[in-house]
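Q: Sequences listed follow chains A and B, in order.
Under numbering that gives the first Met the number 0, the first residue of the first sequence is numbered 0, with each subsequent residue one higher.
Under numbering that gives the first Met the number 0, the first residue of the second sequence is numbered 0, with each subsequent residue one higher.
Glycine included, C-beta positions come from ideal geometry on N, C-alpha and C.
As the structure is a computational prediction, the values presented were derived from the model and not from experiment.
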Amino acid sequence: MSLAAVMPPEVGQRPDPGQRPVISFHGVSKTYANGTEAIRDVDLAIYQGDFCFVVGASGSGKTTLVRLLIREEAASSGRIFIDGHETTRMSRRRLPKLRRKFGIVFQDYKLLPKLTVAQNVAFALQVTRPGQRHMKEKVEETLWIVGLEDKLTKFPDELSGGEQQRVAIARALVHRPRIFLADEPTGNLDPDTSWGIVQLLLQINHRGTTVLMATHNREIVDLCRRRVIAIDSGRVVRDEAEGGYLREGEATI
Amino acid sequence: MRGLLASVRFALVAAGQNFTRNLAVSMAGVFTMGLIMLLVGGTILLTHTVDAILNQQEAQADEIHIYLQDSLSMRTIADYEQRFAHDARVNGVSFTTKDQAVILAQQRGLQLQSAINTLGSNPLPASIDLHVRNLNDLTQLNSVAKSLPIVDTSSGSATDYSPHVIPVLKTVITWTVWVGTILSIVLGVISLVIIMNTIRTAVYIRRTEIEIMKLVGAGDWFVRWPFILEGVFGGVLAAAFGATIVALAYRFVLDQANTQAFLGVSFDGPFLTALVVLLVVFGAALGGFGSFLGIRRFLHV
Ligand SMILES: Nc1ncnc2c1ncn2[C@@H]1O[C@H](COP(=O)(O)OP(=O)(O)O)[C@@H](O)[C@H]1O
Ligand SMILES: [Mg+2]
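#1: Buried or exposed: Arg13 of chain A, going by 16 or more other Cβ atoms within 10 Å of its Cβ?
#2: Quick check on the DSSP output: what are the complete alpha helix (DSSP H) runs of length 4 or more inside the region 112-193 of chain B, in order along the chain?
#3: Please state whether the Cβ-Cβ distance between Ala238 of chain B and Val279 of chain B is less than 7 Å.
#4: Could one say the Cβ of Val12 of chain B lies closer than 7 Å to chain A's Cβ atoms, at least one of them?
#5: In angstroms with no decimal places, state the Cα-to-Cα distance between Ala217 of chain B and Ile144 of chain A.
#6: Going by DSSP in three states, Arg234 of chain A sits in which element: helix, strand or coil?
#7: For Arg1 of chain B, which residues in chain A fall below 7 Å Cβ to Cβ?
#8: Excluding the 5 residues flanking Thr214 of chain A on each side, which residues of the same chain have their C-beta closer than 7 Å to its C-beta?
#9: Give, in chain order, every residue of the region 197-226 of chain B whose Cβ lies closer than 9 Å to some Cβ of chain E.
#10: How would you write the range of the alpha helix (DSSP H) that Thr207 of chain B sits in, first residue to last?
#11: Quick one: what does DSSP say Asn33 of chain A is sitting in, helix, strand or coil?
#12: Apply the 10 Å Cβ neighbour rule to Ala144 of chain B and answer buried if 16 or more other Cβ atoms are within range, or exposed otherwise.
#13: Going by DSSP, what residues sit across from Arg226 of chain A in a beta bridge?
#14: Roughly how many angstroms lie between the CA atoms of Gly11 of chain B and Arg1 of chain B, to the nearest whole one?
#15: With DSSP as the reference, please indicate the residues paired to Asp78 of chain B in a beta bridge.
#16: If I measure Cβ to Cβ from Thr30 of chain A and keep anything under 8 Å in the same chain, skipping five residues before and after, which residues do I get?
#17: Chain B partners of Pro95 of chain A, CB-CB under 7 Å?
#18: Closest Cβ-Cβ distance between Arg99 of chain A and chain B: below 7 Å?
#19: If you run the structure through DSSP and keep just helix, strand and coil, what is Phe270 of chain B?
#20: Exposed or buried, Leu214 of chain B, counting other C-beta atoms within 10 Å across all chains shown (16 or more means buried)?
#21: Which residues, taken in chain order from the region 16-38 of chain B, show a beta carbon closer than 8 Å to some beta carbon of chain A?
#22: Could you say which of B:Pro124, B:Val245, B:Gly286 lies nearest to Val39 of chain B if we only look at CA atoms?
#23: Short check: CB of Ala123 of chain A to CB of Val197 of chain A, under 7 Å?
#24: Gly186 of chain A by DSSP, collapsed to three states: which one?
#25: Spatial neighbours of Ala13 of chain B within its chain, please: C-beta separation below 6 Å, excluding the five flanking residues on both sides.
#26: Beta-carbon of Ser190 of chain B versus every beta-carbon of chain A: anything under 7 Å?
#27: What residues in the region 122-149 of chain A have a beta carbon less than 9 Å from any beta carbon of chain B?
#28: Give the DSSP-derived three-state secondary structure of Tyr66 of chain B in the structure shown.
#29: Strictly under 7 Å for the Cβ-Cβ distance: is Pro155 of chain A near chain B by that measure?
#30: Does the beta-carbon of Asn116 of chain B have 16 or more other beta-carbons within 10 angstroms, so that it is buried, or is it exposed?
#31: Measuring straight from C-alpha to C-alpha, what distance separates Gln164 of chain A and Gly243 of chain A?
#32: Please determine if the region 128-144 of chain A and the region 228-235 of chain B are in contact, where contact requires at least 3 C-beta pairs separated by less than 8 Å.
#33: List in chain order: all unbroken alpha helix (DSSP H) runs of 4+ residues lying wholly within the region 156-219 of chain A.
#34: Measure how close the beta-carbons of Ala225 of chain A and Phe50 of chain A come, nearest whole angstrom, since I'm counting them as under 8 Å.
#35: Lys96 of chain A: beta carbon under 6 Å from a heavy atom of ligand 1?
#36: So is Thr63 of chain A buried or exposed if we call it buried at 16+ other beta carbons inside 10 Å?
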């Protein structure tokens with residue numbers, strides 16, 4: 000049963016009504032080529048410095064939302080604005096510039112197994128800003144932020160899952176993005192390690208970066224009491240400023 | 000500038016990695032393409048050489064040598080010279096003395112001195128040499144010349160010309176050009192398919208890297224260049240391989256032909272150099288273009 004059918008979405012807290020959102024969706028829908036309606040008529044506004052959880056069951060459309068943000072997928076209808084630019088009409092040629100506003104990590108860390116920790120992080124700079132000065136310092140500073148300053152020359156398969164995800168976070172962070180996206184970053188990790196990763200994301204957010212984390216990890220969402228955007232069957236069914244994984248008073252399974 | 004250098008370096012290193020990480024497939028591709036280059040280069044060189052032989056033969060073929068009896072007086076010879084000079088089919092007449100015949104023969108590499116010493120006299124006949132205006136008149140003029148009372152009938156042929164080989168060689172050239180062209184086109188298409196397939200494998204091996212490059216915002220061309228360079232590199236390597244074999248074979252075949260058949264075709268260094276350059280450029284272009292097609296098909300950037 001769809002929650003959307005019974006309950007209207009609530010609206011999240013807006014820190015400053017005059018401020019322009021860094022991310023906004025206006026009636027966005029996404030239907031895949033095979034006919035699956037993954038996102039349906041979504042309106043969203045996320046402001047600079049927000050920390051949002053995007054929650055929902057598997058298949059509810061969280062990953063599709065992330066892909067729409069970085070224009071890995073094009074919206075079928077509606078308009079998306081990032082940083083004031085309408086990305087739904089953006090030409091291919093301008094996508095690299097758009098993507099550089101984001102840092103993104105996934106459930107599988109997508110590290111390059113033949114490169115060391117430092118090389119994996121440096122890779123992101125080499126392919127976007129080749130020949131940039133002080134690359135080494137930037138890489139080391141970023142690895143220090145994620146707590147891996149003593150693992151620079153290790154290879155991914157010499158690290159634990161949590162450490163590998165930290166390397167991925169450092170790689171996503173090294174160019175100092177405005178928006179940090181994490182799609183189920185703790186999906187492969189045990190609870191303690193997961194909590195460490197979330198702490199790190201909160202710390203990144205604390206430095207001013209907007210963070211969006213898609214998850215179905217209930218404990219984490221409930222502990223953090225941050226903004227929660229709940230999706231069900233592609234619709235936003237709840238948007239709460241300091242929410243839990245489930246609606247207040249909703250039955251737990 | 001720093002950025003450009005770093006980009007070039009990145010592309011070169013990545014292209015080298017593409018090539019070596021995938022060494023078996025790359026080498027198989029290079030080898031096959033090398034054979035194709037060999038065939039294309041070999042065909043071009045064969046056509047050129049046959050053409051050179053033909054030109055040489057053709058230059059000689061407009062001459063009829065009428066070999067003369069030794070006892071003729073200078074006056075008789077001059078009379079016949081006059082007669083041929085007034086013939087409309089004849090372009091020019093010259094006279095070769097017995098001594099000049101020896102010199103000419105020696106220039107062609109024949110060792111005659113010992114034969115002359117043994118015989119005690121010069122065995123070569125003097126000749127009246129006709130330059131024929133039109134090659135079609137050769138046979139007719141030759142039979143006229145043959146029946147003259149002045150010809151030397153004692154040894155071999157009374158006259159000498161070589162008209163038969165020319166149409167044969169011309170057919171050979173026509174066929175070589177046709178077969179060569181069709182073969183090159185078919186093999187060129189096969190090369191493209193081979194290169195595309197190699198690029199497909201390279202893209203597959205690099206898929207995580209490509210995904211990350213796109214995610215962090217690398218430009219399309221930044222992603223494409225390593226694959227283009229890999230194709231160019233493979234194409235050049237294949238061309239070098241093919242060209243080396245063509246050059247060695249050319250040398251060897253010419254040496255054999257000249258020592259055993261007195262073909263008198265000389266080694267054409269400048270043409271060979273031009274051919275090698277052409278093959279390398281062709282290989283690079285084919286490799287680059289094949290990669291480009293492979294990228295469009297498999298890379299989706
Ligand atoms: N590339 C795709 N093509 C077709 N359908 C897809 C594709 N990706 C996802 N979907 C479908 O879209 C819906 C939402 O998927 P997804 O966004 O991955 O959800 P979540 O990340 O919340 O698990 C699912 O029904 C899924 O099967
Ligand atoms: Mg997902």
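A: Based on what the coordinates show:
#1: Here the question's residue 13 of chain A lines up with position 14 in the first sequence. Caution applies to Arg13 of chain A, whose pLDDT of 48 falls short of 50 and renders its modelled position unreliable; the value that the coordinates give is listed next. With fewer than 16 Cβ atoms within 10 Å of its Cβ, Arg13 of chain A is classed as exposed.
#2: 112-118, 137-145
#3: By 1-based counting over the second sequence, the position of residue 238 of chain B is 239. By 1-based counting over the second sequence, the position of residue 279 of chain B is 280. Going by C-beta atoms, Ala238 of chain B is nearer than 7 Å to Val279 of chain B.
#4: As a first step, residue 12 of chain B is located in the second sequence; it is residue number 13 there, counting from the start. No, because no Cβ of chain A sits closer than 7 Å to the Cβ of Val12 of chain B.
#5: Along the second sequence, one-based indexing puts residue 217 of chain B at 218. Along the first sequence, one-based indexing puts residue 144 of chain A at 145. Taking the straight line joining both Cα atoms gives about 24 Å.
#6: As a working mapping, residue 234 of chain A is identified with position 235 in the first sequence. DSSP places Arg234 of chain A in strand when its eight states are reduced to three.
#7: As a working mapping, residue 1 of chain B is identified with position 2 in the second sequence. Near Arg1 of chain B (Cβ distances below 7 Å), the residues of chain A are Gly130.
#8: One-based indexing of the first sequence puts residue 214 of chain A at position 215. Cβ neighbours of Thr214 of chain A beyond the five flanking positions: Phe52, Val54, Glu183, Thr185, Val220.
#9: Absent from the structure is chain E; the protein chains it does hold are A and B.
#10: Within the second sequence, the letter at position 208 stands for residue 207 of chain B. 206-215 is the span of the alpha helix (DSSP H), which, as asked, contains Thr207 of chain B.
#11: Working through the first sequence from its first residue, we reach residue 33 of chain A at position 34. Three-state result, Asn33 of chain A: coil.
#12: Position 145 of the second sequence holds residue 144 of chain B. Buried, because 16 or more other Cβ atoms sit within 10 Å of the Cβ of Ala144 of chain B.
#13: In the first sequence, residue 226 of chain A corresponds to position 227, counting from 1. BP columns for Arg226 of chain A point to A:Cys51.
#14: As a working note, residue 11 of chain B is residue 12 in the second sequence. As a working note, residue 1 of chain B is residue 2 in the second sequence. The sequence given here places Leu at residue 11 of chain B; Gly does not occur at that position. One C-alpha to the other measures close to 15 Å.
#15: Indexing the second sequence from 1 puts residue 78 of chain B at position 79. In DSSP, Asp78 of chain B forms no bridge with anything.
#16: By one-based count along the first sequence, residue 30 of chain A stands at place 31. Around Thr30 of chain A: Glu36, Ala37, Ser75.
#17: Locating residue 95 of chain A in the first sequence gives position 96, where the first residue counts as 1. Those are Gly216, Ala217, Gly218, listed as they occur along chain B.
#18: Start at 1 with the first residue of the first sequence, and residue 99 of chain A comes out as number 100. It does: the Cβ of Arg99 of chain A has a partner Cβ on chain B nearer than 7 Å.
#19: Here residue 270 of chain B corresponds to residue number 271 of the second sequence, with the count starting at 1. Note: Phe270 of chain B maps to helix in three-state DSSP.
#20: Taking the first residue of the second sequence as position 1, residue 214 of chain B is located at position 215. Answer is buried; the Cβ neighbour count reaches 16.
#21: none
#22: Numbered from 1 along the second sequence, position 40 holds the residue referred to as residue 39 of chain B. Of the candidates B:Pro124, B:Val245, B:Gly286, the one whose C-alpha sits nearest the C-alpha of Val39 of chain B is B:Val245.
#23: Taking the first sequence and counting its residues from 1, one reaches residue 123 of chain A at position 124. Taking the first sequence and counting its residues from 1, one reaches residue 197 of chain A at position 198. Cβ atoms of Ala123 of chain A and Val197 of chain A: not closer than 7 Å.
#24: Translated into positions along the first sequence, residue 186 of chain A becomes position 187. Coil, per DSSP.
#25: The residue given as residue 13 of chain B occupies position 14 in the second sequence. The answer, listed in chain order, is Pro225.
#26: Mapped onto the second sequence, residue 190 of chain B falls at position 191. Residue-level contact check: Ser190 of chain B does not touch chain A, since none of the beta carbons of chain A fall below 7 Å from its beta carbon.
#27: Phe122, Ala123, Leu124, Gln125, Val126, Thr127, Arg128, Pro129, Gly130, Gln131, Arg132
#28: Translated into positions along the second sequence, residue 66 of chain B becomes position 67. Of the three classes helix, strand and coil, the one that applies to Tyr66 of chain B here is strand, per DSSP.
#29: Translated into the one-based positions of the first sequence, residue 155 of chain A becomes position 156. Answer no: the Cβ-Cβ gap between Pro155 of chain A and chain B never drops below 7 Å.
#30: Sequence index remark: in the second sequence, residue 116 of chain B carries index 117 (1-based). Under this definition Asn116 of chain B is an exposed residue.
#31: The residue you call residue 164 of chain A lines up with position 165 of the first sequence. The residue you call residue 243 of chain A lines up with position 244 of the first sequence. When rounded, the separation of the alpha-carbon atoms in Gln164 of chain A and Gly243 of chain A is 25 Å.
#32: With the cut-off at 8 Å, the region 128-144 of chain A and the region 228-235 of chain B do not touch.
#33: 160-172, 190-205
#34: Indexing the first sequence from 1 puts residue 225 of chain A at position 226. Indexing the first sequence from 1 puts residue 50 of chain A at position 51. Looking at the sequence itself, residue 225 of chain A is Arg, so the reference to Ala does not match. Contact holds; Cβ gap of about 5 Å.
#35: The residue given as residue 96 of chain A occupies position 97 in the first sequence. Lys96 of chain A Cβ: outside cutoff for every heavy atom of ligand 1.
#36: Within the first sequence, numbered from 1, the residue matching residue 63 of chain A stands at position 64. Buried: at least 16 other Cβ atoms inside 10 Å.
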